[in-house]
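Using this note's numbering, you'd call the opening residue of the sequence shown number 335 and step up by one each time.
For each residue, glycine too, the CB sits at the ideal point set by N, CA and C.
It should be emphasised that the depicted structure is a prediction, and the values quoted were computed from it without experimental measurement.
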Amino acid sequence: MATCSGTPPPQPAFKDIRNQRPSTAEEKAALCLTLGELCRKVPHSICNGGVKSVREWRAHLEQAKKVLGAKRSSIAELTNAIAQMRSYA
């Protein structure tokens with residue numbers, strides 16, 4: 335929706351918890367964006383990998399999706415999920 339001046343209204347701050355500090359919320363939003371990008375791509379090592387490596391990657395992918403979908407995921411959980419997904423790159 336645009337206002338009368340043609341500019342969009344300001345977006346509300348990203349907060350998944352009501353009393354969360356804005357800096358923490360912004361950091362979590364950036365981590366969620368990074369994790370989302372990693373979940374959408376299949377690494378080349380997995381495309382050419384064996385059954386065991388594909389199963390491990392899929393398990394980590396499902397775990398990362400759960401962390402990404404949870405509203406109260408901590409920064410440490412998000413960082414850990416990113417590290418697991420990057421280990422396959």
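First and last residue of the alpha helix (DSSP H) that includes residue i?
i    : result
R389 : V385 to G403
P377 : That residue, P377, is in no alpha helix (DSSP H); it is neither H nor E in DSSP.
R420 : I409 to R420
So which of the options has the shortest CA-CA distance to residue i?
i    : options                   : result
E396 : M419, K362, R355 and E361 : M419
V401 : R355, P356 and K362       : K362
N414 : E371, R389, H394 and G384 : H394
Between the beta-carbon of residue i and the beta-carbon of residue j, is there less than 8 Å?
i    : j    : result
T358 : I416 : no
A398 : C366 : no
P356 : Y422 : no
W391 : I380 : yes
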